[in-house]
Structures are given as C-alpha cells and as structure tokens.
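Beneath this line is the structure, given in structure tokens, with notes to follow.
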DNA sequence: TCAAGTTTGACAATGTGTTGTCGTTTTACT
DNA sequence: AGTAAAACGACAACACATTGTCAAACTTGA
C-alpha cells in the first residue's frame with residue numbers, strides 16, 4: 289500500500305467512524321432526551337458559559353448550526369441565555385441545574401464506553417493516533 | 289491525560305476532521321460539478337458496477353441516502369442504471385464515459401493533496417493511526 | 001469621534017443523512 | 001413447491017449542518 293493509498297483509506301475510515309460515533313452518542317444520550325449534537329454543545333460549556341459564536345469556533349462549526357441546537361436546549365430548560373456584560377445581543381449560554389444533571393449523568397457513562405472501545409488498543413497507539421488526527425485537523429484548518 | 293480523556297479528545301477530533309474532510313472534498317470536486325457525497329459514490333463503483341444497497345453497505349450508510357445521490361448522478365449522466373441479471377429491480381450502477389472522466393480527473397488531484405496533508409507525519413504513525421481507526425470502526429460496527 | 005470593517009443573531013434555502021413505512025422481488029428453508 | 005424471512009426501491013418526515021443575506025452591535029484606526 290502506498291502512502292497515498294493509506295491516506296485514502298484513512299479518510300474513508302474517518303467518514304465511517306464519524307457516522308458510528310454519532311450513532312453511539314445518540315444511543316447513549318437518547319434515554320435522557322438528548323442527541324450527539326446536543327451533547328456536544330452541552331460539553332462545550334462545561335467549564336464556563338460561552339456565546340454561540342464562541343462554541344461554534346471551538347467546535348469548528350458554523351454559528352447557525354450551534355444556534356439551532358442552543359435554542360432547542362433553551363426551550364427544554366437545559367441551558368439558559370444570560371446577559372453578556374461584553375455584548376448586548378450575544379448572550380452567554382449557561383447550563384441550568386437540569387442541564388448540569390443531564391451532563392453529569394452522561395459523563396458517568398463515558399469510562400465504561402471508552403474502556404470497551406480501547407480494549408485492543410495500546411496506550412501508545414492511542415497517543416499516536418490522537419497526535420496524527422490533531423495534525424491533520426491543524427493542516428486542514430490552515431488550508 | 290487519562291486514557292479515557294484521550295479517547296474523548298480523539299472522538300472530538302474525529303468529528304472535527306470529518307467536517308474538514310467534507311469541506312476539502314467539496315472544494316476539490318466543486319469545479320467539476322461534484323461534491324464529497326457524489327465523489328464517494330463514484331469511488332464505490334470504481335472497480336465494478338454495484339447496486340445501491342451494495343454501495344450503502346460498503347460505505348456504512350443507508351440505502352436511501354445512496355439512492356438519492358445515485359439518482360442525481362444518473363440525471364447528470366455521470367452514472368447509468370444497467371439491468372442486473374441477478375435481480376429484476378435492483379439495477380447495477382455503472383459510470384458513464386463522462387463519469388469515468390470526472391473520477392479520473394479527481395484521482396489526479398489526490399497525490400498532491402495527501403502529500404501535503406502527510407507532510408509532518410511518518411509512515412509508521414500513519415499506519416498505526418489507520419489500524420486504530422479501523423479497530424474502532426470494527427468495534428462500533430459490532431455493538 | 002466617527003467611519004469602515006468585523007462580529008453576531010435571525011431567517012431562508014439547500015445538501016446530506018437518518019428512521020420509518022409500503023409494496024415488490026428475491027432468498028432460504030422445510 | 002410453497003411459505004416465511006430478507007433485501008430492495010420509493011416515498012415521506014425529520015435531524016444536522018452548510019451557504020447566503022440582512023440588520024444590529026461591536027471594534028479598530030485615522
């Protein structure tokens with residue numbers, strides 16, 4: 289296999305893995321009334337409240353798609369929009385008590401889930417993979 | 289970083305890379321009137337004509353989404369539906385002359401594209417990454 | 001200070017993919 | 001053979017994300 293064929297294989301596998309991970313996330317979060325997309329947004333405000341645009345930048349997505357999810361979560365009382373001292377219209381998105389509880393319940397599922405997935409994978413191989421994927425992300429972000 | 293944190297990082301990076309790769313594929317194929325999704329379907333019939341369901345299985349997608357793309361490509365005269373001796377209604381999807389030409393033009397872009405992406409990545413690291421991603425795909429396919 | 005450029009939220013159109021359902025065709029088993 | 005199960009194409013509804021546009025809010029620099 290040439291390096292270029294290997295790369296093509298990797299690209300196709302990433303497409304495939306992406307789809308599988310979304311399905312997994314949907315399954316894990318479905319009992320709590322969430323989805324992968326909602327979970328991601330909830331995770332983005334884990335440490336501090338953020339504006340929609342900030343979340344979009346961190347996740348590498350458009351404002352519009354994040355806004356849609358945020359509005360849904362607000363209707364479900366999972367997040368709330370708080371006034372932003374630095375910007376009159378760009379509200380800060382913050383988890384409600386309910387949102388925090390849901391996120392914590394989901395976080396508890398993660399260790400078992402990742403342990404099962406990593407069963408046949410050495411710590412070193414995982415580290416290499418993470419480094420390579422991160423490098424590719426950086427490369428394509430620049431181009 | 290615990291192994292479980294590393295895995296979470298990897299998941300988020302895979303989401304990110306997936307989005308970037310789709311954008312890249314769209315950009316590369318846009319001048320030819322194609323998209324990432326159309327390119328993928330075209331690639332799936334590189335070696336031999338396939339039915340929609342066969343393509344969907346290899347790509348890990350639903351019949352329906354592949355069918356939609358296939359119908360579009362047929363309207364654009366990039367593929368054609370051929371009678372399948374083994375199945376009365378499941379037509380074989382085959383590239384037309386135009387489809388073959390488009391696919392070959394795209395294939396020519398790949399080496400330069402992958403070389404640039406792999407610039408800072410050793411052959412060994414790429415091989416490890418491919419193996420890990422493939423293992424994860426297999427794991428989640430089973431579950 | 002004030003004008004130009006950027007960021008932001010809102011709205012609309014569109015592309016890609018999923019689930020679900022239906023009727024038909026094919027396959028597998030007894 | 002004949003019937004139950006599976007695969008297939010078609011259609012519809014919906015989730016997620018993108019691009020594009022607009023007006024309002026903010027930032028920057030002369």
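Residue numbers (our numbering), protein chains in the order written: chain A, 289 to 431; chain B, 289 to 431.
Built from N, CA and C at the ideal position, the CB exists for glycine as well.
| query | result |
| --- | --- |
| Within 8 Å, strictly: CB atoms of residue 417 (chain A) and residue 420 (chain B) | yes |
| Members of the segment 398 to 424 of chain B that neighbour chain A once the beta carbon cut-off is set at 8 Å | 398, 399, 402, 403, 404, 405, 406, 407, 408, 409, 411, 413, 414, 415, 416, 417, 418, 419, 420, 421, 422, 423 and 424 |
| Residue 313 (chain B), buried or exposed, once every other Cβ within 10 Å from all chains shown has been counted against 16 | buried |
| Start and end residues, beta strand (DSSP E) containing residue 370 (chain B) | 367 to 372 |
| N-terminal and C-terminal residue of the alpha helix (DSSP H) that residue 339 (chain A) is part of | No alpha helix (DSSP H) holds residue 339 (chain A); DSSP gives it neither H nor E. |
| Buried versus exposed, by CB contacts within 10 Å (16 or more), residue 336 (chain B) | exposed |
| Top-ranked residue by Cα proximity to residue 361 (chain A), from A:409, A:325 and A:401 | A:325 |
| Contacting positions in the segment 341 to 369 of chain A - beta carbon closer than 9 Å to chain B | 347, 348 and 349 |
| Residue-chain proximity (residue 297 (chain A), chain B), Cβ-Cβ < 8 Å | yes |
| Beta-carbon gap between residue 277 (chain B) and residue 376 (chain B) smaller than 8 Å | Residue 277 (chain B) falls outside the range modelled here, since chain B spans only 289 to 431, and no answer is possible. |
| Three-pair Cβ contact test at 8 Å for the segment 422 to 429 of chain A versus the segment 397 to 404 of chain A | no |
| Euclidean distance between Cα positions of residue 301 (chain B) and residue 339 (chain B) | 33 Å |
| Proximal chain A residues relative to residue 301 (chain B), where beta-carbon distance stays under 8 Å | 418, 421, 422 and 425 |
| Cβ distance (whole Å) where residue 288 (chain B) is taken to contact residue 365 (chain B) below 8 Å | Any answer about residue 288 (chain B) is impossible in this case: the structure gives chain B only from 289 up to 431. |
| For residue 408 (chain A), the nearest candidate out of B:356, B:422, B:408 and B:358 (CA to CA) | B:422 |
| Residue closest to residue 317 (chain A), alpha-carbon to alpha-carbon, out of A:331, A:358 and A:394 | A:394 |
| Residue 322 (chain B), DSSP secondary structure in three states | coil |
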